[in-house]
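Asks:
Protein chains: 4
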Amino acid sequence: MSKKIVLAYSGGLDTTVLIPWLKENYSDSEIIAVCVDVGQGKETEGLEQKAIKTGAAKCIIKDVRDEFVTDYIYPMLKADAVYEDQYLLGTSIARPLIAKVLVDVALEENADYICHGATGKGNDQIRFELTVKALAPQINIIAPWRIWDIKSREEEIEYLEKRGIEVPMKKGDSYSRDRNLWHLSHEGLELEIPENEANFEKLLQLSVSPEAAPDKPTYVELEFEKGIPVALDGQKLSPLDIINKLNELGGQNGVGIIDIVENRVVGMKSRGVYETPGGTILYAAHRNLEYLCLDKQTTAFKEIVRVKMAELIYSGEWFTPLREALSAFVDSTQQTVTGKVKLKLYKGNIIPAGSESKYSLYNEKLASFTTGDLFSHHDAEGFINLFGLPLKVRALMKQNL
Amino acid sequence: MSKKIVLAYSGGLDTTVLIPWLKENYSDSEIIAVCVDVGQGKETEGLEQKAIKTGAAKCIIKDVRDEFVTDYIYPMLKADAVYEDQYLLGTSIARPLIAKVLVDVALEENADYICHGATGKGNDQIRFELTVKALAPQINIIAPWRIWDIKSREEEIEYLEKRGIEVPMKKGDSYSRDRNLWHLSHEGLELEIPENEANFEKLLQLSVSPEAAPDKPTYVELEFEKGIPVALDGQKLSPLDIINKLNELGGQNGVGIIDIVENRVVGMKSRGVYETPGGTILYAAHRNLEYLCLDKQTTAFKEIVRVKMAELIYSGEWFTPLREALSAFVDSTQQTVTGKVKLKLYKGNIIPAGSESKYSLYNEKLASFTTGDLFSHHDAEGFINLFGLPLKVRALMKQNL
Amino acid sequence: MSKKIVLAYSGGLDTTVLIPWLKENYSDSEIIAVCVDVGQGKETEGLEQKAIKTGAAKCIIKDVRDEFVTDYIYPMLKADAVYEDQYLLGTSIARPLIAKVLVDVALEENADYICHGATGKGNDQIRFELTVKALAPQINIIAPWRIWDIKSREEEIEYLEKRGIEVPMKKGDSYSRDRNLWHLSHEGLELEIPENEANFEKLLQLSVSPEAAPDKPTYVELEFEKGIPVALDGQKLSPLDIINKLNELGGQNGVGIIDIVENRVVGMKSRGVYETPGGTILYAAHRNLEYLCLDKQTTAFKEIVRVKMAELIYSGEWFTPLREALSAFVDSTQQTVTGKVKLKLYKGNIIPAGSESKYSLYNEKLASFTTGDLFSHHDAEGFINLFGLPLKVRALMKQNL
Amino acid sequence: MSKKIVLAYSGGLDTTVLIPWLKENYSDSEIIAVCVDVGQGKETEGLEQKAIKTGAAKCIIKDVRDEFVTDYIYPMLKADAVYEDQYLLGTSIARPLIAKVLVDVALEENADYICHGATGKGNDQIRFELTVKALAPQINIIAPWRIWDIKSREEEIEYLEKRGIEVPMKKGDSYSRDRNLWHLSHEGLELEIPENEANFEKLLQLSVSPEAAPDKPTYVELEFEKGIPVALDGQKLSPLDIINKLNELGGQNGVGIIDIVENRVVGMKSRGVYETPGGTILYAAHRNLEYLCLDKQTTAFKEIVRVKMAELIYSGEWFTPLREALSAFVDSTQQTVTGKVKLKLYKGNIIPAGSESKYSLYNEKLASFTTGDLFSHHDAEGFINLFGLPLKVRALMKQNL
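Protein chains in written order, with our numbering: chain A, 9 to 409; chain B, 9 to 409; chain C, 9 to 409; chain D, 9 to 409.
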C-alpha cells in the first residue's frame, strides 16, 4: 500500500534532492512537501510547481512567522536565554515550530513518515526529531543523510544532474547558512579553523560590519509590556514589524554579529558567525528594563533559569515539561517588566541611553549619596554585624584551635 | 589609656576629614594612616606629610598592586565572574585586599580600631567590615559616616575649613568615583535618574567614547597559561604590565564602558558607569580561550559558579569558605586553559580574531560538514532514539489518557 | 493623639507581658490583641477576657487553619521544600500568614503599629517583619525584645508578678516550643549542647519515639491531584482533616522526628528537635508519586528550585517575586502529579508500599530486562558513541600533547 | 592476525557465556578474563580455572577494594552525592573503577578490545564505555548484548548447555542483582510493577528488615578527619574495615534499605530496592558533622554541587573535567569536617545522638535564648530594616501605581 511522507521542503539543494530520492527509495510513496515560512527571506513563489515537477504530490506553504515570534521567540526573550553566554539561539528556536507544523500536516494528512534534510552530524536532526517524538510518537522519521551514500554537496549536485533536475545552487562556493526572521548563521570555509579570523566583509548579509556602519549613531526607543515589546520609537507595531524594523536598524549599524565556538548538543565543538541584528537589540533593551524592574534575588535566580532554558532550546527540548515549567517561572517574573528603554546604536555598539518604568524599583532617595529617610545609617551597622556574624564566629573558632 | 586607630587613608576629602574627627572624638587616640595602593593612579607623594600635618601619628603607604592582580583579580578572571551579567566588579574586588592590609597593619601595630570612610548607605562599608570580621574579629570598627552629623560633601568641606585644613577637592563639581588599576566607576549627578542618558564626554577618564576612538582597529594577541595571561602581542609581561598596557589599548579604542543599574548588597538599586578597558579585554580573551578548551558540561556548570562567585565578590565575602571552594572548582577547570587569543579592538567593539590552544577540544573533522570518521551518521540515529525516548514515552502516556 | 497597636497575641508568657508593657510605654495607645489560629492546639477559650483584663481594648481571634494548609503548606509541599535537606519548615511557613493576618487587621482598624513578641536573636522577628514590610510598608513595627530591659523568662515572670498579673507559665521548666498544625519544635535545655543526645522521652509531644511505637506497621494510602492530597485511605477528606489524621497516624508510629543543627537566617547555628508526623508522611508520599510522574530533567532542576524555595520560606521571604515565580514553576510541574501512594509506617520508618498514576512515565516494557520494542539495543551503541564523544575527543587531544 | 580481547569477567551467567561466544565470533582472538574485586562477596577461588576451561587464555584477578573506598567512595561521600535525593549510587560508583582496571590491563597486554557483559538497555554499558573512551579512546569495545541474538537468561543457559558448559545459575528464580562492598541492588520480579510492595523478606540479603531487627538500639560513634571516616567506636580502622563493620551493624539494624523508582541515564524509569547499610550510616554521620562545621552559604551551594555530582556519577562521567572540578570544590569544603558523630541505630532508623568538632561553628552563646554578647538585639533591627528594604521599596512602588 502506498505510504504518505511529509517532507520538510525549502527548494534548496538538500531538499530538492530528497524528493527524487524518496520516490526511488520509498516506492509508491506519496510525498507532501511542506515549506514552513519562518522568515527565511526566500521567494516561495514557484515553489509549489517546482516540488510537484520533481515528484511531490502536493506542496503546502505555511507562513508561521507571527506564531514564531509570539510563541517561540518571545518566551525565549523573556527568559533572556543565551546559549553559552553568547548565542541567541536563532536556528534552535525555529526548529520546534517547523517540526510542529510538519506534525500538524502529517496528522491532517494521515501520513506515515516525516522526512527532513538535516545532516547526521548536527543539532538540527535532534531538534526536529525530538519535537516529532514529543508530539506524534507514532510517526516514523526518515533522515536520508543518515541513510544514503551521498556524502557532500558535490554528490548531491551530481545526483540531481544525473536525473536532469535543475540544481538550485552552485558548487562549493559558499558557507553553510541558516536564516530566519530572527537571525542568519554562517558555518564552513575559513571558519572551520578557529585560528582564522572570520571574513566579515565576505560573510555578512543582514548587517554591515561595524567598520562599514555610519559614523552617526541611531537612537531607538522600545516599549515593553510584561516583557514583550509593543512599540518602537513611540509607534505601536506588530511583533513581526518590530523585529523587521529592528533588523533593519541593527543591520545598518553593525550590531549583533558574533563569532563563536560553541558546544553542540552532543558536546563536539563547532564554530559559527551569527547575525542577529534585531534580536540583539531586543535582548539588550529587555535586560535593561529588567535591571530596573526585577529585584536582586529574582535577578540572581533567573541567571540559573536562563542558562537552563538556553540549554533546552539549544537541544530542541522545547516541548518538554521542564521548558514549560521554566516558562511559567519566567512569565511570573515578567509581570512588572513594563516600560521604555532607549538605546543608542553605533558601529556595533548598543549603548543604554536611559530607561523608565512605573514598576521601577530604583528609588532615587536610596540611590543618592546625600539624602534619604528609608533607612538610617545606623541600620547599616546592625545589618553588617549580623551579616558578618558567621564570619566572625568562624574567625573566633579558628583563633581557639 | 591611649588607643590606636588604623585609618584607611587616601588623602581625599573623606579621609582628610577623618583624622581631625578621630582626634576630637577618640581623644588620646593615636592615628595610623594607611594608604593602600591598588592603582588609584593618585600621587602618594606628600601623602605622609599631609597625614601627619592633620594629626596622624604615622602614615604607612603599601603598594599591593602586584598582589591585587595575582591574588584577587586573577581568581576572579578565571571564574569569569560578572555581577548581574554586566559589572566586572572593579570596586568590589579591591575592598577585601585593602581591608586585609589594614588588618595586617592593625595586628602589627597592636591597634584597637580600624576606621574607614565608607558611607552608611553603600556596599563598601559591608565589604571592608566583613573582611575585618573574618581576619581579626577582635578588632573594633569605626565607621564615622554612620556616627557623625556630617551629611554631605559640603559639610565635610565646611568641617575642614573651620579647622583651617586644606580642602583636597572643590565643592559639588563632580561624580562620585572609585578608581584602581582594574577600573574606574562613576556615580551621581545625571546618573541618579535612570531616564537620563549618561554624559560620556564628561564622564570618561580612562577611555574615550566609541565615537572618539580611532577609525582603524587595533589587534591584540593575548597568551594564557592555566587561565592566566602571560604575554601580550608575543611579549612576556608582568601581570601589572599586561593590565596597564591593556588599559591603554582598551581606553584608546573605547572598549569596556558600561552604564548599568545594579542591585546593591542589600538590594536597593544604584546606577553607575564603569570603565574597565583592560579588564574587559582580558575577560573577552579568557572566555574565547575557554570556548576552545572547556567541555560542554564544565562550561554549563561554570555558569552557575560564576554567578555565585560574582555575588560573593560583590558582597565582600572574599574570605569565606564558599569563595575558597568555588576558587578550587575554578582552578581545576583552568588546567587546560592555555593558548592564544587574538582580538580586534574597534570603536567600543572587541571582536574575536582567532584563537588556538594545544588543549583545544575543537576537532576539525567533527566540525566539518563533509568528512569525519569519529562517529557514524548511524550513531546519531541511536543517540536521538534514546535521547528522545523520555519524550516519546510521555507522548504515548498522554495518548493513552 | 492616641495610637492604635495591633499585637500578635497568644496568651502565653511573652505576649501576656506585652500588653502591660505597651500600655506603659506607648501611653494612650489602644491595643488590639490578635490571636491567629494556625493550629497551635491551645484553647482560645477565655483568651479574649484575659487580653482585655490585662489592658487590651479588643481581642480578635482568627482561625486561618484552612488557609494555612491550602495557601501556604500546599505550595511548600508541591515544591518538596526542605531546608538544609532536613527541616520541613514548620515554624517558618506559619509566620507569613500570621503576619498577613496582623496586617489585615491593622489595615481594617487603621492601626499605627504592629507589635510582636519574637526575640531579638531569632528568625521569627525577621519573618514577621519582612511580611509587614511587603504588605504594609507604612505600618511601624514594635519589637519589645529589642527594646526593653527584660532579658529572660524569669524577668518576664517577675514583671508580671510585680503588676499582679497571672503568670501563664512556670519558671524555667521547659523547652522553648513552637506548635502549629504542621509541626512542633523544641529548643533549649539539653539541646543547646550539640554533644548531647536529645531526650526524646521527655521532649516529644505529638509523637511517640520509634521505640515506643507499636510493633505492627500501619499502612496508609494517599491520593493526590496535581500535587495536592485529596483522599486518605480511599476517603475524600478536607485538607485540614488529612493533616490531622496523618498527624495522628504518624505520631502513633514515631515518624517525622528530627534532631538537627541548622543555620539561622543570619548564619548562626541553632539546634532543635522537630516533630512533623503528618507532614513527613505527606512529603514522602508526594515525592514517591513524583518519582513516577516527573521526568528526569524536571526532577533534576526541581532539586535546585526546592533548595531555593526552602531558603526563601526559611527567611520569611514568602511575599516576594522570587517565591511567586518559583511557585509558578512548581505548579507547572504538578500538572501530572496525580495518583495514589501507599506507605507503611513502622516505628519511625516510612516505607513505600507501591504507587500508581495514570500519568506514570514508568514503562514496564522499557524497565524489564528481557522485552521491549521502544528502542533497539543497537540504538544504545549510537547513543553511547555520541554521548561519550566529548570524552573521546578529549582523550585523543591529551594523547597528542 | 590474532586479536586480544580483555573481558570483564565475574564467573556469573552473563560472563560465562561471553567466553565461548567471543571465541566463536572473534576467531583467533585471545581472551584475557579480568575479574575486578570491588567486594562482590563472591568466591574468586576456582575462577581462573573456570575461565581457562571455558576458553580464556588468561584470568587476572584484581582486588581493588581499598582503592574503591578511598578514591571513589570517599570523594562521593564527601560530596554527599545522592542521586534523585535517594540513591547512594552503589552500582554507579563501582563502574568507572572496574572499567579503569580493564583499561589498565588492556594497555599492559596491548589488547585490541574490551568486552563487557552489560545489557543494551541499562546504565552500566554507558558507564563502562564512557570510562574506556576517556582513558583509552583507541581501544574498541565489544558489547555482545547489543550484537547477539540471545534475548534472555533462559537463552544464555541454553547457549551454555548446548556447548556442555556448566551453568553458574538456575533459571529465572531470582532478581537481577548487583553487589559490591558498598551496596546490593535488586531489580526485577515483583519490583517491575510500581504498584507492588517490595517483598523485603524475600529480597534482602545484606540486612534484615526493620521489623526483624533487634528491639534494642545499637549506638555507633564515627570519627572523621577532613570528611573521611577514620575511626569507629573509638578504634582507628582501615577504610575497608570501617565499611565492613558498618555494613554488619547497619544490616543487623535494618537501616539503609530503599525502594525507589529512578530515572536511568537516558531518562526511562526503573525500579529497584537497594541495600546500603554501612553507606547510609556513613552518609548520615558525615552530614551531621557538616551541619556543625559548614557555614550556611557553603551548605546551600553544596546542595547544588551534590546534585550535579550525583548526576555525573550516575551517568558514568567520573573521568571528566567537571567531576574533577566538583571534587576540588568539595575537598575545599572538607578542610574543617573533622570530629565525632554518635548515632543510634534502631529498626531502620538512624537517629543522631550528639556530635562534636573543634571546628564547630555552633556557638552556644549565640544559640541560647537568654545570653550572648556577640551581637545586640539592636543590631537585629538594623539587619531587618536593610534585609527587608527591597520588599518595602517594592511595596511603596505598588502603592504608587
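Ideal Cβ positions, reconstructed from N, Cα and C, are used throughout, including at glycine.
Does chain C have any CB closer than 8 angstroms to the CB of A/V401?
Replies: As a working note, residue 401 of chain A is residue 393 in the first sequence. Cβ-Cβ to chain C under 8 angstroms: yes for A/V401.
Asks: For A/D186, I'd like the list of residues in its chain whose CB is within less than 6 angstroms of its CB, leaving aside the five on either flank, ordered along the chain.
Replies: Translated into the one-based positions of the first sequence, residue 186 of chain A becomes position 178. Closer than 6 angstroms at Cβ, skipping near neighbours: T99, S193.
Asks: Quick one: is the Cβ of D/A221 within less than 7 angstroms of any heavy atom of the ligand COA?
Replies: For the ligand COA, the structure offers nothing, since it holds no ligand at all.
Asks: With a threshold of 8 angstroms between beta-carbons, can C/E389 be considered close to chain B, or not?
Replies: For the purposes of this step, residue 389 of chain C is taken as the residue at position 381 of the third sequence. With 8 angstroms as the cut-off, C/E389 counts as an interface residue toward chain B.
Asks: Does the stretch 272 to 288 of chain D come close enough to the stretch 340 to 348 of chain D to have 3 or more Cβ pairs within less than 8 angstroms?
Replies: Because the criterion of three Cβ pairs below 8 angstroms is not met, the stretch 272 to 288 of chain D and the stretch 340 to 348 of chain D do not touch.
Asks: List the residues that DSSP assigns as beta-bridge partners of B/F232.
Replies: Residue mapping note: residue 232 of chain B aligns to position 224 of the second sequence, counting from 1. Beta-bridge pairing links B/F232 to B/P237, B/G347.
Asks: Could you give the DSSP three-state label for B/T378: helix, strand or coil?
Replies: In the second sequence, residue 378 of chain B corresponds to position 370, counting from 1. At B/T378 the pLDDT is 49, less than 50, meaning the model places this residue with poor confidence; the figure from the coordinates comes in the next sentence. In this structure, B/T378 counts as coil in the three-state DSSP scheme.
Asks: Establish whether the CB of C/Q343 and some CB of chain D are separated by less than 8 angstroms.
Replies: Here the question's residue 343 of chain C lines up with position 335 in the third sequence. No, C/Q343 lies away from the interface with chain D (no Cβ there is under 8 angstroms from its Cβ).
Asks: With A/S10 and A/S37 assumed to form a contact (beta carbons below 8 angstroms), what rounded beta-carbon distance in angstroms separates them?
Replies: As a position in the first sequence, residue 10 of chain A is number 2, starting the count at 1. As a position in the first sequence, residue 37 of chain A is number 29, starting the count at 1. About 6 angstroms separates the two Cβ atoms, so the contact holds.
Asks: Along the chain, where does the alpha helix (DSSP H) that runs through A/N255 open and close?
Replies: Counting from 1 along the first sequence, the entry for residue 255 of chain A is found at position 247. Here the alpha helix (DSSP H) through A/N255 covers 247 to 260.
Asks: Using a Cβ-Cβ distance cut-off of 8 angstroms, determine whether D/D303 contacts chain A.
Replies: If you number the fourth sequence from 1, residue 303 of chain D lands on position 295. Chain A contact via Cβ: present.
Asks: Can you list, in chain order, the residues of its chain with a C-beta nearer than 6 angstroms to that of B/A64? Leave out the 5 residues immediately preceding and following it.
Replies: Here residue 64 of chain B corresponds to residue number 56 of the second sequence, with the count starting at 1. Excluding sequence neighbours, B/A64 sits near I27, I39, A41.
Asks: Tell me which residue opens and which closes the alpha helix (DSSP H) that B/K170 is part of.
Replies: Here residue 170 of chain B refers to the residue found at position 162 of the second sequence. From DSSP, the alpha helix (DSSP H) with B/K170 extends over 161 to 170.
Asks: If distances are taken between C-alpha atoms only, which option among A/L214, A/A87, A/L15, A/L211 comes closest to A/A114?
Replies: Looking up residue 114 of chain A in the first sequence gives position 106. Taking only the C-alpha atoms, the option nearest A/A114 is A/L15.
Asks: Would you list, in chain order, the members of the stretch 360 to 371 of chain D that have their beta-carbon closer than 9 angstroms to a beta-carbon of chain C?
Replies: From the stretch 360 to 371 of chain D, only P360, A361, G362, S363, E364, S365, S368, L369, Y370, N371 have a Cβ closer than 9 angstroms to chain C.
Asks: Per DSSP, B/R279 is paired with what?
Replies: Numbered from its first residue, the second sequence carries residue 279 of chain B at position 271. Note: B/R279 sits in a beta bridge opposite B/V269.
Asks: For C/G347, which residues in chain A fall below 7 angstroms Cβ to Cβ?
Replies: Numbered from 1 along the third sequence, position 339 holds the residue referred to as residue 347 of chain C. Per Cβ cutoff of 7 angstroms: no residues; C/G347 is ~16 angstroms from chain A at best.
Asks: From the beta carbon of A/T378, is the nearest beta carbon of chain D less than 8 angstroms away?
Replies: Taking the first residue of the first sequence as position 1, residue 378 of chain A is located at position 370. Model confidence at A/T378 stands at a pLDDT of 49, short of 50, so the residue's coordinates are unreliable; what they give is reported in the following sentence. No, A/T378 lies away from the interface with chain D (no Cβ there is under 8 angstroms from its Cβ).
Asks: Rounded to the nearest angstrom, how far is the Cβ of D/H191 from that of D/E283, given a contact under 8 angstroms?
Replies: One-based indexing of the fourth sequence puts residue 191 of chain D at position 183. One-based indexing of the fourth sequence puts residue 283 of chain D at position 275. Rounded, the Cβ-Cβ distance is 6 angstroms, consistent with contact.
Asks: Counting only runs that start and end within the stretch 82 to 114 of chain B, where is the alpha helix (DSSP H) found for 4 or more residues in a row?
Replies: DSSP runs (the alpha helix (DSSP H)) wholly in the stretch 82 to 114 of chain B: 82 to 86.
Asks: Taking 6 angstroms as the limit between beta carbons, can you name the residues of its chain near A/I236, skipping five residues before and five after?
Replies: Within the first sequence, numbered from 1, the residue matching residue 236 of chain A stands at position 228. Contacts found: Y82.
Asks: Just the chain A side, please: which residues come within less than 7 angstroms of B/Y354 by C-beta, in chain order?
Replies: Within the second sequence, residue 354 of chain B is the residue found at index 346, counting from 1. Here the neighbours are P218, E219.
Asks: How would you list, in chain order, the residues of chain D whose beta-carbon sits under 7 angstroms from the beta-carbon of C/K86?
Replies: For the purposes of this step, residue 86 of chain C is taken as the residue at position 78 of the third sequence. In chain order: nothing, as chain D lies at least about 15 angstroms away.
Asks: Residue range of the alpha helix (DSSP H) that A/D186 falls in?
Replies: Stepping through the first sequence from its first residue, residue 186 of chain A is reached at position 178. First-last for A/D186: 184 to 187, but that is the beta strand (DSSP E), not the alpha helix (DSSP H).
Asks: Starting from B/I201, trace the alpha helix (DSSP H) in both directions and tell me its first and last residue.
Replies: Walking along the second sequence from the start, residue 201 of chain B turns up at place 193. Here B/I201 belongs to no alpha helix (DSSP H), and DSSP marks it neither H nor E.
Asks: Determine the DSSP secondary structure at C/L369, reduced to helix, strand or coil.
Replies: Numbered from 1 along the third sequence, position 361 holds the residue referred to as residue 369 of chain C. Correct three-state label for C/L369: coil.
Asks: Can you name, in chain order, every residue of its own chain whose Cβ lies under 7 angstroms from the Cβ of A/N118, other than the five neighbours on each side?
Replies: Here residue 118 of chain A refers to the residue found at position 110 of the first sequence. If we look at A/N118 and ignore the five residues flanking it on each side, its Cβ neighbours are K12.
Asks: When the Cα atoms are used, what is the spatial distance from B/P398 to A/G264?
Replies: Translated into the one-based positions of the second sequence, residue 398 of chain B becomes position 390. Translated into the one-based positions of the first sequence, residue 264 of chain A becomes position 256. One C-alpha to the other measures close to 36 angstroms.
Asks: Of all the CB atoms in chain C, is at least one closer than 8 angstroms to the CB of D/Q133?
Replies: The residue given as residue 133 of chain D occupies position 125 in the fourth sequence. By this cut-off, D/Q133 is an interface position.
Asks: Taking all protein chains shown into account, decide if A/K159 is buried (16 or more other Cβ within 10 angstroms of its Cβ) or exposed.
Replies: Residue mapping note: residue 159 of chain A aligns to position 151 of the first sequence, counting from 1. Classification for A/K159: exposed.
Asks: Return no unless some Cβ of chain D is closer than 8 angstroms to the Cβ of C/M276.
Replies: Reading the third sequence from its first residue, position 268 is the one you call residue 276 of chain C. Yes, because at least one Cβ of chain D sits closer than 8 angstroms to the Cβ of C/M276.
Asks: Using 8 angstroms as the threshold, is the stretch 383 to 390 of chain C in touch with the stretch 290 to 306 of chain D, meaning 3 or more CB pairs across them?
Replies: The stretch 383 to 390 of chain C, when compared against the stretch 290 to 306 of chain D, does not touch it at the 8 angstroms Cβ threshold.
Asks: Report the three-state DSSP secondary structure of A/K12 (helix, strand or coil).
Replies: Translated into positions along the first sequence, residue 12 of chain A becomes position 4. Strand, per DSSP.
Asks: So, at 8 angstroms on beta carbons, what are the nonlocal neighbours of C/T379 in its own chain, with the 5 sequence-adjacent residues on each side left out?
Replies: Looking up residue 379 of chain C in the third sequence gives position 371. Its pLDDT being 43, under 50, C/T379 is placed unreliably by the model, and the measurement read from it follows with that caveat. Hits under 8 angstroms: K373.
Asks: Whose Cβ in chain C lies nearer than 9 angstroms to the Cβ of B/M405?
Replies: For the purposes of this step, residue 405 of chain B is taken as the residue at position 397 of the second sequence. Within 9 angstroms Cβ-Cβ: T344, K366, Y367, S368, L369, N371.
Asks: Grouping DSSP H, G and I as helix and E and B as strand, with all else coil, what is B/P360?
Replies: Locating residue 360 of chain B in the second sequence gives position 352, where the first residue counts as 1. In this structure, B/P360 counts as strand in the three-state DSSP scheme.
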